[in-house]
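J.: Quick one: the structure is below, questions incoming.
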Amino acid sequence: MIRNNTQHLYQNLEIVLLGTLGIGTIAWFIKNQVSSRLSHTTTASTKKAEIEQESPKQERNFVKVMQQQGRRVIFFYGSQTGTAEDFAARLAKECTQKYGVSAMTADIEQYDLSYLDTVPDDYLVFFIMSTYGEGEPTDNAVELWNLLTDESPTFSSASNRLENLRYIAFGLGNKTYEHYNEVIRKMDSRLIELGVRRIGERGEGDDDGTMEEDFLAWQESMWPAFCEALGVDSGYVQDGSHQAIYKMNELTVYDQAKVYLGEIGEWLKDGSSVVYDAKRPYNAPMTSIDLFKGGDRHCLHIEIDISGTNLSYQTGDHVAIWPTNNEVEVNRLAQVLGLQHKLDTVIHVESIDPAASKRFPFPVPTTYRAVFRHYLDICSAVSRQVLMSLVKYAPNEPLKEALQKLSSDKDIYRERVGDMNRNLGEVLQILAEQASLDVNGAFASVPFDLVIESVSRLQPRYYSISSSSLESPNMITATIVTLQYSPEEGRTVYGVNTNYLWHIHERVNQLTPNNTIPEYSLSGPRDSLFVESKLARVPVHIRRSQFKLPRNTSVPVIMIGPGTGVAPFRGFVRERVLQKKQGKSLGPTILFFGCRNRAEDFLYQEEWPELFEVLGEESRLITAFSREEAGKKVYVQHRLMEHGQAMWELLEKGAYVYVCGDAKNMARDVNQTFVKFAQQFGGLDELKSQDYVKNLRSTGRYQEDVWS
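Heads up: the sequence shown begins at 1 in the UniProt record's numbering, then just goes up one per residue.
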C-alpha cells in the first residue's frame, strides 16, 4: 500500500488545478490512461539480450575520438558520488539538442589529458569538477590533477603551454568545508597560468542546500558565452520534442541466468580472477549490534569480514556500502508510471551515442524492478529541471500548468519539494491525487528512457572505519546512526542506507519489526545477500582517505569527535594501544567526545577505560554531555576551551589535530577554538592566529573528516 501524503500539500497549486479541471477532463484522462504506454519503449519479440558487455581497448587520445566522432565540445567530469557526472550529461544534452553542437561526456580517467595541447582552437573543453575531502580531487581526476599541479607539466608535444585551448569550468563543493571548491579554483588558476583562455565566468555550486540552483543560475550567463565562442546563434533552439539518449527494448528471449537483478559488477568471464573495488563490490558478511541504550534512536556498530579477498584498508579509510531502495518507493514510482504489472519484465538499455562515456547506464539486461530497487536513486529530491522535462507528458492541461508552476518558480519548488525532500514518485503521486486521478499509470506517458536519464545512479554511502587495520586487518567496523527526520508534521523521511542496515539488524537478530520503517528487500539479487542463520551480506568496497595518524608514534594527537564522529578515533585509539603494547614510544593521546546523555548514547563507553589505562596518564578521554544538566548544554568545543592551555602546549610540541563530525557547526566552532588558543596562549593577533591554524592545515597537522 502506498501511503497518502497529500494532506496540506501543494495548497498554492490547487487553484491552478481546480480552476481548469472539469469532470469531462477527468473522465477523458481515466479513459485514455488505461491504454497509455511508454512512448519510447519497444518490445523485441525476437531480439536476444546482449549479454556480453565487451570492453574493447579504448582510444586514450580524446582529441582523436572527438575528431572521429565529429564532436566540437567535450564535457570532462571529476565525480565522486555521481553529481558532476549527471551535470555533465545534462549540459552535453542541452549543447547538442538545444544549440545543435555535437558534444560528448567523458570520465577524465578514461583519457590521456596530456593531449590537451592538441585541442583545435575551434573546440571547447568543459571541466565539471567536484572537490572531495580536504580540497582533494575525486578518485577519477587524480591523474589530471597531478598533471596540472606539476611545476613543469609536459603535454603530448613536450610543451608546457596550452595557448590553443579554450575551456568552461564549473565546480561542485560545500561551503561548510574549509576547502570550498578548491579543485576547480586551483585548476582554473593553473590553466590560466598555462596560457589557456576561459570562456565565461567560472561557476561554483554549493552542496549545502543550493547546488541545483547555483548550477541553473550559472547556465544563464554560460550559454551566451558558449554560443559566442563557437559562433552559434544563441536564439537557435531545435524542436522541443524529447530526443532520447538511450534506446530501450523489452526482451522476450534472453538467458535468465545472465539477467542482472541488482548485481553491481558485470558478469565475469570463465577463468577470470575476481578483483573487488568500486566497480565490483564484495558481498561481505556483516554482523551488527545496537550501541544506543533506550530511546527511539539507533546506532549500529557493524562488523564486515573481508578475509579471503583482495580488499585491504588502512586505519582512517572509509568503507563504502551499496544501498537498496525501500519497497514503498519502488512500488510508488512503478505505480505512477504504469509499470506495477511489469516490474519483472526484462529490458535492455543502451546509449544511442556511440561516443558516450558509458555505453550502459547500469548492468544490462535487467528488469524494471532491479532498476528501481538497485540502480536508480529514486529516493532523493527530484530537481526542478527534471520536473520541467516532464511538463509535456502531463496527462492534461491542469497538471501541465501545475508542473510548469512547480518547476519554474524556485520558491514554490523549494517550499514544496526541495525542503521537503520529495522524490519523483511522491511529486507525481501527489499531483495525480490532487487532480482526483487514478494514481496507477497517471504518468504512464513519460518515456522510461527519460526516467533513466533524469534520475541519478544510486551511489554507495561512505562511513569512517572505526577499527584499526593493525589490530584487525580482515575485519572492518563502522558506526552508523539510523537517519530519520520529519520535514513536516505527519511525514518522515528515512535515510536510504541506514534504515536498510537497521532492517537487516532487526531481521538477523529476530527483533520485533518497527512497522513505521519502510520495508526493504533483504535477500538481494539471487538471494546473494541475506542468510537466515543470523548472517547478512552487504556490497562493500574501500575508499582511501588522507585522514591518517602521524607516522611518528611519539607525536601527540588531539582528536575531537562528537557522536558518530568518534568512529575513526576508536580506530586511532586502538591502534595507539597496540603500538604501546609493542613497545613503541607513544605521545599523549587526547580524545574529546560528546553526546546527549551518558546513559543513552555514550558510544563505546565500556571500551574507553581499559584502552586509556594502557595508554597511560598523559592520555585521556574528555567528555561533553549536552542534555544532562537542565538549561546547560555542554559541547566538545566548550571542553576543548577548558583545556586550552594544555592543548596549546601539545600543539607547541608538534601535536596533530583531528576533527570528525558535523562540518557546519561543530567543525567550524572547533576551528575557531584553536584560533583562540593562538591568541590567548600564543600571544598572536587575530589575523596571525588564523594564519597559524591555516598553517597547521597546510602542513597536515590539522585534519578533518567531516560531513554536512
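The beta carbon of each residue, even a glycine, is placed where N, CA and C say it ideally should be.
1) Secondary structure at residue 484, three-state DSSP: helix, strand or coil?
2) When the Cα atoms are used, what is the spatial distance from residue 22 to residue 383?
3) First and last residue of the beta strand (DSSP E) that includes residue 707?
4) Out of 517, 498, 423, 337, state which residue places its alpha-carbon closest to the alpha-carbon of residue 442.
5) Per DSSP, residue 661 is paired with what?
6) If you check the beta carbons only, do residue 693 and residue 667 fall under 8 Å apart?
7) Please state if the CB of residue 480 and the CB of residue 227 are separated by a distance shorter than 8 Å.
8) Just list the beta strand (DSSP E) runs in the region 568-608, keeping only unbroken ones of 3 residues or longer that don't cross its boundaries, in chain order.
9) Specify the secondary structure class of residue 242 as computed by DSSP and reduced to three states.
10) Once you ignore the five residues that flank residue 599 on each side, which residues in its own chain have a CB closer than 8 Å to its CB?
11) Determine the direct distance from the alpha carbon of residue 645 to that of residue 674, and round the result to whole angstroms.
12) Where do the N-terminal and C-terminal ends of the beta strand (DSSP E) with residue 173 fall, by residue?
13) Expressed to the nearest angstrom, what Euclidean distance is found between the alpha-carbon atoms of residue 401 and residue 391?
14) Under 8 Å between the Cβ atoms of residue 254 and residue 452?
15) Entirely within the region 287-323 and at least 3 residues each: give me those beta strand (DSSP E) ranges in chain order.
16) Between residue 357 and residue 450, how many whole angstroms is the CB-CB distance? I'm expecting something under 8 Å.
17) Give the DSSP bridge partners of residue 351, in chain order.
18) Can you tell me which of the three DSSP states residue 400 falls into?
19) Can you tell me the Cα-Cα spacing of residue 523 and residue 530, whole angstroms?
20) Are the Cβ atoms of residue 129 and residue 187 separated by less than 8 Å?
21) Alpha carbon to alpha carbon, what distance is there between residue 698 and residue 151?
22) Among residues of its own chain, excluding the 5 on either side of residue 603, which ones have a beta-carbon nearer than 6 Å to its beta-carbon?
23) Where does residue 623 sit, in a helix, a strand or coil, going by DSSP?
24) With DSSP as the reference, label residue 551 as helix, strand or coil.
25) Compute the distance between the beta-carbons of residue 278 and residue 306, then report whether it is under 8 Å.
26) State the Cα-Cα distance for the pair residue 65 and residue 215, rounded to the nearest angstrom.
27) Please identify the residue among 610, 615, 608, 536 whose C-alpha is closest to the C-alpha of residue 553.
28) Compute the Euclidean distance between the alpha carbons of residue 181 and residue 361, then round it to the nearest angstrom.
29) Excluding the 5 residues flanking residue 59 on each side, which residues of the same chain have their C-beta closer than 6 Å to its C-beta?
30) Do residue 297 and residue 466 count as a contact pair if the criterion is CB distance below 8 Å?
31) In angstroms with no decimal places, state the Cα-to-Cα distance between residue 587 and residue 475.
32) Which residues in the same chain as residue 288 place their Cβ atom closer than 6 Å to its Cβ, once the five residues preceding and following it in sequence are excluded?
33) Please classify residue 637 as buried or exposed, where buried requires at least 16 other C-beta atoms within 10 Å of its C-beta.
34) Between 72, 109, 96, 71, which lies nearest to residue 85 when the distance is taken from Cα to Cα?
35) Which residue wins for smallest C-alpha separation from residue 418, given the options 548, 207, 526?
36) CA-CA distance, residue 378 and residue 225?
T.: According to the structure shown:
1) Your numbering for residue 484 matches position 484 in the sequence shown. It is a strand residue.
2) If you number the sequence shown from 1, residue 22 lands on position 22. If you number the sequence shown from 1, residue 383 lands on position 383. Because the pLDDT of residue 22 is 43, which lies under 50, any placement of that residue in the model is unreliable, and the number read from its coordinates should be weighed accordingly. Those two C-alpha atoms are separated by around 29 Å.
3) Position 707 of the sequence shown holds residue 707. Per DSSP, residue 707 belongs to the beta strand (DSSP E) from 702-707.
4) Taking the sequence shown and counting its residues from 1, one reaches residue 442 at position 442. The shortest Cα separation from residue 442 among 517, 498, 423, 337 belongs to 337.
5) The residue labelled residue 661 in the question sits at position 661 within the sequence shown. Per DSSP, 706.
6) By 1-based counting over the sequence shown, the position of residue 693 is 693. By 1-based counting over the sequence shown, the position of residue 667 is 667. No. Outside cutoff.
7) Position 227 of the sequence shown holds residue 227. Position 480 of the sequence shown holds residue 480. Result no, Cβ atoms of residue 227 and residue 480 do not sit closer than 8 Å.
8) Those beta strand (DSSP E) runs which fall completely within the region 568-608 and span 3+ residues are 589-595.
9) Mapped onto the sequence shown, residue 242 falls at position 242. The answer is coil: DSSP assigns residue 242 none of H, G, I, E or B.
10) Walking along the sequence shown from the start, residue 599 turns up at place 599. 293, 294.
11) For the purposes of this step, residue 674 is taken as residue 674 along the sequence shown, with counting starting at 1. For the purposes of this step, residue 645 is taken as residue 645 along the sequence shown, with counting starting at 1. Roughly 11 Å separates the two Cα atoms.
12) Locating residue 173 in the sequence shown gives position 173, where the first residue counts as 1. Residues 166-173.
13) Translated into the one-based positions of the sequence shown, residue 401 becomes position 401. Translated into the one-based positions of the sequence shown, residue 391 becomes position 391. Between residue 401 and residue 391, the alpha-carbon positions lie close to 8 Å from each other.
14) Mapped onto the sequence shown, residue 254 falls at position 254. Mapped onto the sequence shown, residue 452 falls at position 452. In this structure, residue 452 does not lie closer than 8 Å to residue 254 by Cβ.
15) 299-305, 318-321
16) The residue you call residue 357 lines up with position 357 of the sequence shown. The residue you call residue 450 lines up with position 450 of the sequence shown. 19 Å between Cβ atoms; not a contact.
17) For the purposes of this step, residue 351 is taken as residue 351 along the sequence shown, with counting starting at 1. Looking at the DSSP assignment, residue 351 forms a beta bridge with 246.
18) Against the sequence shown, residue 400 aligns to sequence position 400. In this structure, residue 400 counts as helix in the three-state DSSP scheme.
19) As a first step, residue 523 must be located in the sequence shown, where it is residue number 523. As a first step, residue 530 must be located in the sequence shown, where it is residue number 530. The alpha-carbon of residue 523 is positioned some 5 Å away from that of residue 530.
20) Your numbering for residue 129 matches position 129 in the sequence shown. Your numbering for residue 187 matches position 187 in the sequence shown. It is a contact, given that the beta carbons lie within the stated cut-off.
21) Here residue 151 refers to the residue found at position 151 of the sequence shown. Here residue 698 refers to the residue found at position 698 of the sequence shown. Rounded to the nearest angstrom, the two C-alpha atoms are 18 Å apart.
22) Counted from its first residue, the sequence shown places residue 603 at position 603. 291, 566.
23) Within the sequence shown, numbered from 1, the residue matching residue 623 stands at position 623. Of the three classes helix, strand and coil, the one that applies to residue 623 here is strand, per DSSP.
24) The residue you call residue 551 lines up with position 551 of the sequence shown. Three-state result, residue 551: coil.
25) Counting from one through the sequence shown, the residue named residue 278 turns up at place 278. Counting from one through the sequence shown, the residue named residue 306 turns up at place 306. Contact flag unset, no.
26) Translated into positions along the sequence shown, residue 65 becomes position 65. Translated into positions along the sequence shown, residue 215 becomes position 215. So the alpha carbons of these two residues sit roughly 28 Å apart.
27) By one-based count along the sequence shown, residue 553 stands at place 553. Nearest option by C-alpha distance: 615.
28) As a first step, residue 181 must be located in the sequence shown, where it is residue number 181. As a first step, residue 361 must be located in the sequence shown, where it is residue number 361. A straight-line Cα-Cα distance of about 27 Å links residue 181 and residue 361.
29) Locating residue 59 in the sequence shown gives position 59, where the first residue counts as 1. The residues are 65.
30) The count along the sequence shown starts at 1 and reaches residue 466 at position 466. The count along the sequence shown starts at 1 and reaches residue 297 at position 297. Cβ distance not < 8 Å, so residue 466 and residue 297 don't count as in contact.
31) In the sequence shown, residue 587 corresponds to position 587, counting from 1. In the sequence shown, residue 475 corresponds to position 475, counting from 1. Rounded to whole angstroms, residue 587 to residue 475 spans 27 Å at the Cα level.
32) On the sequence shown, position 288 is the one that residue 288 refers to. Result list for residue 288: 300, 302, 505, in chain order.
33) The sequence position of residue 637 within the sequence shown is 637, counting from 1. Result: buried.
34) Here residue 85 refers to the residue found at position 85 of the sequence shown. Taking only the C-alpha atoms, the option nearest residue 85 is 109.
35) Taking the first residue of the sequence shown as position 1, residue 418 is located at position 418. Checked all of 548, 207, 526; the closest Cα to residue 418 is 207.
36) By 1-based counting over the sequence shown, the position of residue 378 is 378. By 1-based counting over the sequence shown, the position of residue 225 is 225. Rounded to whole angstroms, residue 378 to residue 225 spans 34 Å at the Cα level.
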